[in-house]
Each structure stands twice: as C-alpha cells, then as structure tokens.
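There are 2 protein chains.
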Amino acid sequence: MKIAIAQLNYTIGNFDENKAKIASSIRRAKADEARIVLFCEQAISGKPAYDLLNNVVFLEKCRETLKEVAAECDGITAIIGLPLLTDQGTISAAAIVADKKVTKYIGKQNVSSREELHHLDNSKGYGFVEVDGKKVAVFIGSDIRYFSEEFGNQADLIVSLQSSPYARGVVQNRYDFFSKLAFRTASHVVYLNHVGGHTDLVYDGSSAFFNRQGEAIAFLQKFEEDYVIVDTCADNPVLGIPEQNKTANVYRAIKLGLHDYFTKNGFKKACLGLSGGIDSAVVAALAAETLGPENVKVLLLPSAFSSDHSVEDAVVLAERLGVEYSIVPISDTYDVMLKSLQSAYGRLPFDVTEENIQSRLRAVLLMAFSNKFGHILLNTANKSESAVGYGTLYGDTVGAISILGDLYKTEVFDLARYLNREREIIPQHTMTKAPSAELRPEQKDTDSLPPYDVLDAILYRLIEENQTVDEIITAGFDNGTVKRVYELLIRNEYKRYQFCPVLRLSTCTLGKDRILPLTYKFESLL
Amino acid sequence: MKIAIAQLNYTIGNFDENKAKIASSIRRAKADEARIVLFCEQAISGKPAYDLLNNVVFLEKCRETLKEVAAECDGITAIIGLPLLTDQGTISAAAIVADKKVTKYIGKQNVSSREELHHLDNSKGYGFVEVDGKKVAVFIGSDIRYFSEEFGNQADLIVSLQSSPYARGVVQNRYDFFSKLAFRTASHVVYLNHVGGHTDLVYDGSSAFFNRQGEAIAFLQKFEEDYVIVDTCADNPVLGIPEQNKTANVYRAIKLGLHDYFTKNGFKKACLGLSGGIDSAVVAALAAETLGPENVKVLLLPSAFSSDHSVEDAVVLAERLGVEYSIVPISDTYDVMLKSLQSAYGRLPFDVTEENIQSRLRAVLLMAFSNKFGHILLNTANKSESAVGYGTLYGDTVGAISILGDLYKTEVFDLARYLNREREIIPQHTMTKAPSAELRPEQKDTDSLPPYDVLDAILYRLIEENQTVDEIITAGFDNGTVKRVYELLIRNEYKRYQFCPVLRLSTCTLGKDRILPLTYKFESLL
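Chains as they are written, first to last, in the numbering used here: chain P, 97 to 622; chain E, 97 to 622.
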C-alpha cells in the first residue's frame with residue numbers, strides 16, 4: 097500500500113494558504129496512486145493557536161476549511177489534524193476523510209504541552225481506520241508517548257500525527273522512540289511532524305517511516321517542507337539513522353524561526369545594535385543570511401566606555417555582511433540625562449545605575465529607529481546572561497524576538513565558529529577578545545561572573561538537568577561558585593519575566609519551561 | 097463538635113514563619129477545645145510555588161515542616177495542605193495529623209489552574225477522615241467543583257481547602273456555591289481559603305461555614321487573617337450573605353497585594369512617575385496609604401507637551417499625600433537624543449516615534465531613580481490601554497508590578513471616587529479633565545480611541561464575556577467602532593507579552609487568562 101506523507105509549513109489562521117497546501121498534496125498523492133495521505137496535528141489551523149481555540153469564528157473556519165479540503169478526497173483516504181469544537185469542548189482531532197466526506201474523528205487524549213493546557217480539552221485517544229483491508233491506528237501528538245504494551249500488534253500501520261517543536265536532542269530521541277515502537281509492535285510506523293516557525297517555537301519536521309523490524313525506510317527533511325511516498329509492499333532499502341550535528345541543527349532552527357517570524361507576520365526589515373561583541377555579531381550574521389543583507393540595518397551605539405576596537409570590529413562585520421550601518425554615539429544624551437538627574441538628587445558616585453542608563457538609552461535609540469522605519473528589532477542576549485541576570489532590564493531584554501536567548505554563551509561561540517566554517521565572517525578579534533559589556537572603564541564579564549565554560553557547565557546542570565547545588569558540588573565544582581551562580585539564577589527571575597519572546601532551542605527554556613515565583617523566601621534554598 | 101478555622105497569610109518558601117503561624121493556631125484551637133483545626137491548600141509551602149514544586153530541597157522542607165507542626169497535634173486533628181513528593185510526582189495534598197503523627201494524605205485530583213498545570217500531578221481526589229465518630233470529607237482546591245450528585249449525603253462535614261485568588265465577582269459566587277452544596281448534601285460545609293498576596297495574585301480569604309440547611313453560620317474576614325471556632329452542635333444564629341461592594345473589594349485587594357509584594361520581598365520604598373492624570377494619581381494614593389507616605393517618592397517628568405495644569409495637579413496631589421516629589425524635565429535629554437538621531441538619518445516629520453521616545457525616556461529616568469536609591473518602580477497603566485495598545489512598549493509597560501493593569505479606565509475612575517469618599521485626595525481637576533497622554537500638542541485619548549465608557553463596554557464583552565464582534569454589534573454598538581476595537585485588541589498582544597506583572601483583579605487578566613499567538617494571520621477573524 098502506498099502512503100503519502102506531506103510535511104508542510106502552516107500558518108496559524110491562514111486558512112486559505114493552509115488549505116491550498118493540503119489540497120495540492122492530496123492531488124499529488126492521488127497522482128502518485130497513494131491510498132493514504134497524511135497531514136500533521138492541527139494542520140488546518142496551524143499551531144499553537146492558544147486562545148484562538150476558544151474563538152468560535154476561528155473554530156468555524158477550521159470546520160469549513162476541512163469541508164473544502166474533503167472535496168479533493170476521492171479515491172484516497174486523507175488523515176488531517178485540526179482543532180475541533182465538540183460538546184466536550186475544543187479537542188485536537190484527526191479527521192479521517194474518504195469519498196469526499198469526513199467519516200470519523202479521532203481525538204487527542206493527553207493534552208500536556210504548555211501551549212495547549214488551558215486551551216484544549218482531553219478526548220478519547222487513539223482510534224482505528226481500515227483502508228484496503230489494512231488496520232491503521234491513528235495517534236495524535238503526545239498520545240503516542242502514553243502508548244502501552246497492551247496495544248500489542250493490533251495495527252498494520254501506526255500513524256503518529258504531531259506538531260512537536262525543536263529542542264536540542266529531540267530529533268535523535270524521536271527516531272529512537274519510533275524505531276523501538278515499530279519493532280515492539282511489529283507494525284509499520286509513520287511519524288509526521290509540522291515544519292515551520294511560530295514566534296518562539298520552531299517545528300523541525302524530521303518526519304520518518306519505520307518498517308515492522310523497526311528499521312528506517314524513509315526520512316523527511318529537517319527544517320523544510322517535504323513530501324514522500326512509501327510503498328509498504330515494496331522491498332524498501334533500510335536507511336541508517338543519521339547522526340545529528342547539534343550546532344548545525346541549531347543554526348537551521350534559528351534560520352527557520354527567524355524567517356517564518358518575518359514572513360508570517362508580513363515583516364521584511366530587521367535592525368539590531370552591533371556592539372563589536374560576539375552575541376550581536378552572530379545575530380547580525382544570521383539575520384543577513386536569512387533576511388538578505390539589504391533588509392538588515394545595524395546601529396553602532398558607542399558610549400565613552402566603548403573601546404575603539406569594538407566600533408572597528410562592528411564596522412568590519414557590517415561591511416563583510418553587506419548590511420547598512422549607522423553610528424549614533426550615546427554620550428551626549430547620556431551626559432544630559434545625568435545632568436538632569438543631578439539637579440534632582442545631586443551628584444552621586446557611579447554605580448550600576450549609570451551602567452543601566454547606557455544600556456537603556458541604546459534600547460530607546462533602537463526602538464526609535466524601529467518605530468521610524470518599521471525595522472523589527474532583534475534582541476541580542478544569550479541564555480547565560482539572562483540566567484544570572486547579567487544584563488539590563490529594558491536594555492538587554494528588549495526586541496521583538498530573541499534568537500540566541502536559549503543558547504549558552506559557549507554555544508554562541510560554537511555557532512560563530514559554524515558561521516565561519518567556510519570563510520571568516522565574524523571577525524577573529526570578536527571571537528578571541530574577552531567578553532565585556534563595556535559599561536564602565538576596563539570592564540570584563542569575568543569581573544563579576546566565573547569564566548563562561550565554568551558558568552555554562554553549572555547552569556546546564558541547574559537548568560537542563562535540574563541538579564541540586566549539592567549534586568553539582570559533589571561533581572567537583574567549586575562550592576562558593578556553584579552557590580553564587582544558583583543564587584543569581586533564582587534572584588533574577590524578575591528580569592526574565594519581562595523578556596521579549598525567546599526562540600526555544602533547548603528542552604528547558606527559561607521563562608517558559610522553568611518559572612519561579614517572583615515573591616518568595618529563597619534563603620531556605622541556598 | 098468544635099471546629100477551628102485558621103485563615104492565614106503564608107509566604108512561599110518561608111517555612112519557619114508558616115510553621116510558626118500554623119503551630120500557634122493549633123495551640124489556640126486546643127485551648128479553645130476544638131476537635132479539628134483546618135489550614136488551607138498548600139499552607140506549609142505557600143502558593144503558587146511554580147517550579148519550586150520540582151525542587152527536591154523545597155519539597156523536603158515541606159515534609160520536615162509538616163513533621164515539626166505535627167508535634168503540636170495532641171488531642172486534636174489538624175488538616176493541613178502541602179505539596180507532597182510521591183511516587184506519582186508532586187501532588188497537592190492534605191495531611192491529616194492526629195496524635196502527633198500524619199495518619200493519612202488526601203491528594204488533589206483536578207489540577208487545573210494556570211499556576212499549577214505543569215507543576216503538579218493529579219492524585220486520587222477527596223477522602224474521608226473520622227473524628228469523634230463524625231465523617232469528614234476533605235476536598236482540595238478545585239476538586240470541590242467537580243463534586244458529583246452521586247456523593248449524596250455521605251459526610252457530616254465537608255471541608256474544602258483552597259487557595260483561590262481574588263477576582264471580581266468570585267466572593268459572591270463562592271458563597272452561593274457552598275451554600276447550595278451544604279443544602280444539597282445536608283452536610284455542614286466549611287470553605288477555607290488562603291489570604292495574602294503573591295506578586296500578581298491576591299488570595300482574599302473570605303472563608304465561610306454553612307450549616308446542613310445551606311445557611312451561613314460563620315464568615316471569616318476578607319483580605320486579612322482570621323480565626324473562627326464553629327461548634328456544629330450549638331444553635332448557631334444564621335447570617336445573611338453580605339452584599340459585595342466591587343470597588344471596595346478591589347481597593348482592599350490592591351492594598352493587600354501591594355503590601356504583601358513589598359513585605360514578602362523585603363522591599364520598603366516605592367517610586368512612580370506622576371503625570372497629573374488619573375492613573376498615576378490613583379497609584380500614588382494607594383501606595384502612600386499602603387506603604388506610608390514616607391516610603392513613596394514620585395517623579396514629575398514633564399516634556400514640552402505637558403500642560404502646566406498637569407504639573408500643578410501632580411504637585412497638589414503629592415503635597416496632599418505627603419509624599420516627596422522631584423521634577424525632572426525630560427526636554428533636554430529628548431532634544432539631544434533627537435539631534436543624535438538626525439545625524440544618522442536626517443530630519444523626518446514628527447510621528448509616533450517621538451511620542452514613544454518621551455515615554456521611554458521617562459522609563460529610563462524612573463529606573464535610574466529606582467536603581468540609585470532602591471525604590472521599587474510601580475507601573476501606572478490600566479487595562480483599557482493595554483487592551484488596545486494605547487501605550488508605549490518599554491515606556492508604559494515598565495515597573496516591578498502593575499496594580500491597575502487589570503482595571504478598565506472607568507474602574508480606575510470608580511476607584512478614584514472611592515479614594516475621595518471622605519475627603520478630596522485625587523484633585524478634582526484630575527478627575528474631570530479629558531484624559532491625555534500629552535505626547536504631542538493638544539493630544540487627547542479620544543483623538544484615537546472611542547470615549548472610555550464605550551471602549552470599556554466593548555472590551556468587557558470581548559474579553560470578560562468572550563463575545564464575538566457580531567454579538568456586540570447586535571447588542572447595539574457601532575459596527576465600525578467594535579471592529580476597530582477588536583482589531584486593536586488582537587494586534588497588540590506583543591506589547592502585553594513584555595508587560596510587567598499585573599495584579600489580577602478580574603476573571604480574565606490579559607496576558608494570563610487570555611493569550612494570543614504573536615504570529616498568526618488575523619484577517620480571517622476580522
């Protein structure tokens with residue numbers, strides 16, 4: 097039996113475009129003589145739609161669009177995900193469509209992701225469809241993860257329709273999971289994922305087909321649309337599970353996320369502040385590659401504490417990337433603001449206040465540029481900084497989207513090296529100089545933080561691995577350093593609360609997958 | 097049988113203080129010869145603890161504290177809420193403590209609130225305890241709302257331990273619900289709620305006791321700690337259900353929320369920008385009343401577009417409140433910043449960019465003051481503005497906490513009149529003049545928005561009542577106005593995403609109870 101797998105990039109609420117993509121794949125599958133054609137979870141609507149799932153106009157549109165798509169389904173069975181308003185509330189369903197009619201709905205049982213809880217109700221779970229005498233079991237989303245051994249080998253084909261976002265390590269994990277599932281159930285298994293970005297989430301695609309022995313017989317593209325036909329009766333060559341390059345995947349995830357954030361919102365041009373440091377350099381390079389250098393404008397906003405080489409490094413990069421740049425020194429505005437404050441409260445010694453003023457004035461200038469010309473401001477912070485609060489609220493936290501905010505500083509360096517893999521794009525000096533915020537004379541990040549390799553290792557254990565302070569100290573890290581990092585981490589939740597949206601690249605994105613109260617006595621945890 | 101109800105104000109993670117409060121109430125209950133003493137949901141830990149519920153150190157502290165509290169329980173049964181690490185994950189439990197030992201745990205079945213989903217696992221649901229031959233049914237949190245008719249009249253006493261936050265209308269709803277429950281089951285019913293603020297949530301207390309006829313025989317205080325003994329065998333006089341004054345409740349909710357935000361975080365002093373308008377006037381008055389005028393500092397930050405009366409009104413208010421004020425004009429900084437931008441991109445006509453610059457420079461100055469002197473910045477925005485995006489991101493959205501952000505503009509006026517109920521505090525001129533952002537010459541809010549009574553009525557239907565555009569038009573509102581308001585509402589989610597924490601006062605707080613995607617095609621909804 098021939099099965100068509102359509103891995104497509106949907107936009108939330110763009111019913112016309114989603115319909116056109118689905119209909120075109122149905123026609124292609126019919127031309128290919130497929131008996132079944134598959135579309136991912138919530139293909140009709142796009143995902144995650146949040147409270148639009150409580151909007152009756154939106155839900156009616158879903159049903160209408162399904163009806164229009166169904167008109168294409170003669171001589172083929174289509175299985176298509178959509179949110180569905182039922183007597184039991186809104187559920188995530190798979191519509192089984194044959195002979196131009198919806199013959200059955202199968203509903204998702206385990207609504208569990210942060211994006212869906214509160215917006216979707218639980219339904220009954222997996223169901224069966226018979227096509228050409230073959231028994232097809234359909235699971236939606238995480239239901240497949242609750243698959244129990246009792247299921248046995250009831251199905252000829254197990255279909256898992258998902259919209260599962262990218263995070264470091266998930267691609268490999270999914271391949272392993274579905275391979276084992278096929279082996280255990282002695283069924284063919286197809287895993288079909290959404291592909292595309294929606295603000296902070298990137299769906300990576302990476303759909304796959306496994307035979308009854310648990311061997312892969314088809315892989316769909318990562319981070320792009322794809323379409324594959326698998327004939328379960330044919331003698332399909334077995335494919336090895338490809339090894340994943342983490343940095344290459346992160347690179348592609350960011351590019352897809354950034355691209356779709358712009359195109360799906362109808363934006364074209366981006367701007368950002370270029371400091372001469374590694375973070376903004378990487379953001380500028382990714383933006384220029386993704387959006388085209390002609391659509392990226394960078395602002396150099398030096399203060400009296402900026403070193404000459406910072407401006408030089410930034411200019412070199414801008415010229416290499418071919419992006420337009422302007423230099424707008426902040427010193428005059430900074431001086432006048434300090435003077436106006438002095439008239440209110442006298443002259444006081446320089447402290448973190450004056451550091452923050454510089455960072456915030458840069459944010460005001462960047463937003464002014466953004467407002468004036470319609471360029472969307474890209475944030476340039478990284479995860480190490482936001483974890484320990486090494487950044488200014490309303491200064492380093494601003495922007496429409498943060499594309500590095502879920503990468504540790506050491507991972508930003510990995511990405512910079514990856515960008516430089518063929519030729520030097522990020523200037524060597526930017527890569528090698530000691531990171532500095534340049535908000536006071538001779539400042540270096542290591543004045544107030546441990547070296548980034550140590551900091552990131554501790555943060556990774558605290559955040560990604562949920563280890564306790566004692567466990568990390570036992571693992572050999574310095575007692576005082578671990579405690580200080582932990583204290584910074586839990587004290588700075590208030591800055592992350594007001595952070596701009598952060599593209600999710602890890603399994604534990606701060607402010608999303610890990611949320612602390614803003615009011616609590618944390619001394620008991622130290 | 098005498099039952100003691102201890103309605104207490106707990107702090108998340110402050111195990112010593114929570115323990116002392118609980119132990120002291122147990123001793124008091126014993127002195128009062130109570131047979132049972134009750135404490136609310138998650139009393140030991142405080143609530144909502146978010147990801148601390150995944151922290152083993154935190155969970156161990158909960159168990160230890162319970163053990164220490166149990167030592168007080170001789171000759172009395174205590175029922176105490178706490179989060180509990182079990183083989184099935186972390187659950188919200190009630191510990192039944194007698195003879196200085198925990199004799200049983202009852203776990204919550206329906207984890208449903210936004211603060212708990214993802215942090216707590218479901219358990220088995222209500223359970224029974226026998227005390228002096230009486231059958232006591234214990235329900236935790238929302239489990240009582242899933243109470244089914246099959247339960248019948250199995251219990252002599254139904255205990256509902258909650259931590260249920262305040263929102264407009266909930267007090268009355270709860271009284272009605274529990275009164276009916278007592279009548280239907282012919283049981284005594286006690287509803288026990290947490291009291292106190294935790295950043296954006298205020299638990300209002302308002303615990304109550306109903307007899308087997310569904311009549312109220314005890315009400316505990318709203319918005320403050322309380323302790324009551326009810327003797328179920330006595331002839332208890334029946335109390336009428338008190339009518340709720342919405343504005344008075346909102347006033348008390350804000351004061352408790354603000355007070356606890358400061359005291360539980362160890363903060364003392366607040367600052368805010370005073371514009372001469374109604375919103376900042378109300379925030380200043382509430383802050384001065386709650387924190388003491390000596391702890392509140394206001395900054396007047398006029399621009400060239402500020403009218404003289406704005407500064408005068410603000411000064412009159414500051415003097416009436418007895419709070420210190422400084423005047424820091426922003427014109428010089430604004431002019432220099434514009435000049436530095438002109439050098440980069442030439443002279444361009446005045447537009448929303450220059451309006452936003454003024455608002456953002458004010459934010460930079462307020463944060464500078466906050467950083468320099470440690471005063472916590474209070475946000476002064478209201479719900480009408482944030483609903484339609486009539487405010488500057490990083491300008492009007494900043495602060496540690498927004499205490500009016502869940503009140504429509506018309507409700508802010510209600511609150512101002514309430515503050516003026518005995519003598520004029522908010523100047524009459526501030527109450528009567530046409531609202532204006534004063535960011536361009538002769539600007540008025542009604543230049544770009546409908547009058548607030550119309551705007552708020554439409555927003556209330558869209559947000560609180562989830563009505564469709566068509567329903568609202570059918571109800572008699574102007575077609576074009578409704579559509580424009582709806583479009584503004586759904587287009588401005590990105591500003592709300594980065595808003596500071598907003599004290600929840602309604603059943604549909606923007607950004608919390610209602611979340612839209614930031615990337616979607618919304619034309620299909622218009």
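Beta carbons are placed, not taken as given, at the ideal position from N, Cα and C, and that holds for glycine.
All values reported here derive from a predicted model rather than from experimental measurement.
It is roughly 11 angstroms from the alpha-carbon of Ile-187(E) to the alpha-carbon of Gly-177(E). In the same chain as Val-267(E), and ignoring 5 residues on each side of it, the C-beta atoms closer than 6 angstroms to its own belong to Ser-302, Gln-340, in chain order. Identification of residues in the segment 152-169 of chain P having a C-beta nearer than 7 angstroms to some C-beta of chain E yields Val-152, Val-153, Phe-154, Lys-157, given in sequence order. In the three-state reduction of the DSSP assignment, Arg-124(E) falls in the helix class. About 10 angstroms separates the CB atoms of Glu-320(E) and Leu-104(E); that is not less than 8 angstroms, and the two are not in contact. With respect to Gly-607(P), Tyr-593(P) sits close: the two C-beta atoms are nearer than 9 angstroms.
In the DSSP assignment, Ala-102(E) is bridged to Tyr-323(E). Ser-209(P) and Asp-447(P) have their alpha carbons spaced roughly 43 angstroms apart. C-alpha of Ser-121(P) to C-alpha of Ala-102(P): approximately 7 angstroms in a straight line.
Per the Cβ contact rule, the segment 531-547 of chain E is in contact with the segment 484-491 of chain E (3 or more Cβ pairs under 8 angstroms). Annotated three-state conformation of Asp-195(P) is coil, per DSSP. Take the alpha-carbon of Tyr-441(P) and the one of Asp-431(P): they are about 15 angstroms apart. Within chain P, the residues placing a beta-carbon under 8 angstroms from that of Val-460(E) are Met-433, Ile-453, Arg-456, Leu-457, Val-460, Tyr-490, ordered along the chain. Taken in chain order, the complete alpha helix (DSSP H) segments of 4 or more residues contained in the segment 504-574 of chain P are 505-515, 524-528, 548-559, 565-570. In the DSSP assignment, no residue is bridged to Asp-217(E). Inter-residue distance for Asp-170(P) and Leu-181(E) is about 54 angstroms (C-alpha atoms, whole angstroms). Linking Met-527(P) to Ser-403(P) through their CA atoms gives a straight-line distance of about 16 angstroms. Counting C-beta pairs closer than 8 angstroms gives three or more between the segment 347-359 of chain P and the segment 286-294 of chain P, which meets the contact rule. Annotation: the continuous alpha helix (DSSP H) that includes Asp-356(P) extends over 342-361. Under the Cβ distance rule, Leu-437(E) counts among the residues neighbouring chain P, one pair being separated by less than 9 angstroms.
For Ile-586(E), the three-state secondary structure derived from DSSP is helix. Neighbours of Leu-612(P) across chain E, judged by C-beta separation under 8 angstroms: Tyr-146, Asp-147, Leu-148. At least one C-beta of chain P is nearer than 9 angstroms to the C-beta of Gln-594(E). Taken through DSSP and simplified to helix, strand or coil, His-294(P) comes out as strand. Within the segment 421-495 of chain P, the runs of alpha helix (DSSP H) that reach at least 4 residues and sit entirely inside it are, in chain order, 427-441, 448-469, 479-484. If you look at Cys-367(E), you'll find it in the beta strand (DSSP E) that goes 366-369.
With respect to the C-alpha of Val-508(P), the residue from Ala-366(P), Ala-377(P), Ala-304(P) having the closest C-alpha is Ala-377(P). For Glu-385(P), the uninterrupted alpha helix (DSSP H) segment begins and ends at 374-387. When DSSP reads this structure, His-284(E) sits in a beta bridge with Leu-253(E). Looking only at Leu-473(E), Glu-390(E), Gln-454(E), the smallest Cα-Cα distance to Met-463(E) is reached by Leu-473(E). In the three-state reduction of the DSSP assignment, Leu-397(E) falls in the coil class. The contact set of Ala-496(P) on chain E, defined by CB atoms closer than 9 angstroms, consists of Tyr-590, Leu-614 in chain order.
Just so you know, the alpha carbons of Pro-389(P) and Ala-366(P) end up roughly 10 angstroms apart. For Leu-155(P), the enclosing alpha helix (DSSP H) starts and ends at 152-166.
Contact annotation for Ser-422(P) against chain E: Ala-440, Tyr-441 [CB-CB distance below 8 angstroms, chain order].
In the structure shown, Thr-328(P) adopts coil according to DSSP, grouped into three states.
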